[in-house]
Amino acid sequence: MSTQVEKRETKALARAADLASWGAGQVLTANDIILPKIWALQHMSEKVGAGQGKFGEFRDSVNNDLFGDLENPFEVIPFHLVVKWMEFDIIANKSGARKRNFKQIVNIQNNPSLPGYNDNLPYTDADGLVERDRVMDYYVLLPMEVAEDRALPYVISFKRTSIKAGKKLALQMFVRNRDAGMVPAAVVFNLSGKSVSNDDGTFVVMDVATSRKTSDKELGTALKWWQQVEKGMTRVDEVEME
Numbered sequence: 001m002s003t004q005v006e007k008r009e010t011k012a013l014a015r016a017a018d019l020a021s022w023g024a025g026q027v028l029t030a031n032d033i034i035l036p037k038i039w040a041l042q043h044m045s046e047k048v049g050a051g052q053g054k055f056g057e058f059r060d061s062v063n064n065d066l067f068g069d070l071e072n073p074f075e076v077i078p079f080h081l082v083v084k085w086m087e088f089d090i091i092a093n094k095s096g097a098r099k100r101n102f103k104q105i106v107n108i109q110n111n112p113s114l115p116g117y118n119d120n121l122p123y124t125d126a127d128g129l130v131e132r133d134r135v136m137d138y139y140v141l142l143p144m145e146v147a148e149d150r151a152l153p154y155v156i157s158f159k160r161t162s163i164k165a166g167k168k169l170a171l172q173m174f175v176r177n178r179d180a181g182m183v184p185a186a187v188v189f190n191l192s193g194k195s196v197s198n199d200d201g202t203f204v205v206m207d208v209a210t211s212r213k214t215s216d217k218e219l220g221t222a223l224k225w226w227q228q229v230e231k232g233m234t235r236v237d238e239v240e241m242e
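Numbering (the working numbering), first residue to last: 1 to 242.
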């Protein structure tokens with residue numbers, strides 16, 4: 001191959017790898033991008049039933065990637081929180097047994113001075129026809145993906161028996177970090193799970209523990225994605241809710 005041909009091919013490869021060569025890019029909205037969730041797989045999880053995962057594993061809802069399990073915690077960088085109610089219609093069958101059917105998601109408005117305040121709704125309505133769970137949705141990044149420049153946010157939902165872990169995150173991010181003059185995403189956490197049994201069965205309860213401070217690169221990536229979330233440029237995979 002001549003030197004001239006090699007130079008032409010080298011230039012062509014360089015142009016192909018240059019983002020500017022691809023133009024401004026496709027304009028995307030929240031309707032085009034779905035952020036995956038990270039699930040702690042329970043015995044009744046669809047992925048367990050389909051043989052796509054095991055009880056206690058942490059997997060993402062879209063690609064089914066494995067991040068950890070009951071023996072192996074993993075690091076996350078939480079940078080945004082949305083608190084909401086998950087509502088269920090209560091249906092009684094002929095035998096009198098009660099079943100919860102998913103009804104809707106309602107974002108919580110926790111400022112009593114503003115219209116729509118609903119932070120103090122009961123967990124069960126007086127007529128017994130509607131029940132609700134309080135859900136804390138944390139948007140997180142994985143440090144290993146930030147290091148490889150391929151970070152995409154995931155969402156982790158803390159509810160019911162795992163709500164305590166969600167409250168621990170909120171205390172660190174929005175109270176302790178602020179009091180120390182740090183931003184919410186300034187601390188990396190280890191996400192873990194443990195198997196707990198009671199009269200209702202055996203299930204995974206999630207927990208968190210502080211790991212370390214975020215690096216400058218991790219903090220910059222978290223800020224970039226926080227800005228996108230605040231602009232409404234993302235939508236969450238809610239299949240498991242429904």
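For glycine and all other residues, C-beta sits at the position ideal for the given N, C-alpha and C. Because the structure is a prediction, the values reported are computed rather than measured.
Quick one: grab the DSSP three-state call for residue i.
i      : result
Leu223 : helix
Thr234 : coil
Glu148 : coil
Ser157 : strand
Glu128 : Checking the displayed sequence, the identity of residue 128 turns out to be Gly instead of Glu. If DSSP states are grouped into helix, strand and coil, Gly128 belongs with coil.
Asn198 : strand
Ala165 : helix
Gln104 : strand
Asn63  : coil
Phe174 : helix
Glu242 : Low local confidence applies: a pLDDT of 49 at Glu242 is under 50, so the model's placement there is unreliable, with the coordinate-based value given in what follows. Three-state result, Glu242: coil.
Glu75  : strand
Val183 : coil
Gly254 : Beyond the ends of the chain as shown, which are 1 and 242, falls residue 254; an answer cannot be given.
Lys99  : strand
Might you give, ordered along the chain, the residues of its own chain that have their beta carbon closer than 7 Å to the beta carbon of residue i, omitting 5 neighbours on each side?
i      : result
Glu242 : Caution is warranted here: a pLDDT of 49 is assigned to Glu242, below 50, making its placement in the model unreliable, and the coordinate value is therefore given only provisionally. Within the same chain, Glu242 has close Cβ partners Phe102.
Arg150 : none
Val205 : Thr161, Ser162, Gly193, Lys194 and Val196
Asp125 : none
Gln250 : Past the edges of the chain, shown from 1 to 242, lies residue 250, and the structure says nothing about it.
Using only CA atoms, which one of the options lies nearest to residue i?
i      : options                         : result
Glu131 : Asp137, Ala186 and Ile90        : Ile90
Asn64  : Ala40, Gln104, Leu81 and Pro122 : Ala40
Met86  : Phe67, Gly51, Gly68 and Pro122  : Pro122
Phe67  : Met44, Ile38, Glu46 and Ser45   : Ile38
Leu152 : Gly51, Thr234 and Met44         : Thr234
Gly201 : Lys7, Met44 and Gln4            : Met44
Once you ignore the five residues that flank residue i on each side, which residues in its own chain have a CB closer than 8 Å to its CB?
i      : result
Val62  : Ile34, Pro36 and Asp237
Leu129 : Asp89 and Ile90
Leu219 : Val183, Ala185 and Ala186
Gln42  : Val48, Phe55, Phe203 and Val204
Inspect the beta-carbon positions of residue i and residue j and report whether they are closer than 8 Å.
i      : j      : result
Phe79  : Phe58  : no
Ser211 : Asn190 : yes
Arg134 : Lys168 : no
Tyr154 : Asp60  : yes
Asn256 : Val106 : For residue 256 there is no data in the structure shown, the boundaries of the chain being 1 and 242.
Asn93  : Lys99  : yes
Val76  : Leu142 : yes
Thr221 : Val140 : no
Tyr138 : Leu81  : yes
Met311 : Gly166 : Because the chain spans 1 through 242 in this model, residue 311 falls outside it and cannot be assessed.
Val188 : Thr214 : yes
Using C-beta distances below 6 Å, list every residue in its chain close to residue i, excluding the 5 sequence neighbours before and after it, in chain order.
i      : result
Gly116 : Gln109
Ala209 : Asn190
Ser157 : Val135 and Asp137
Trp225 : Pro153
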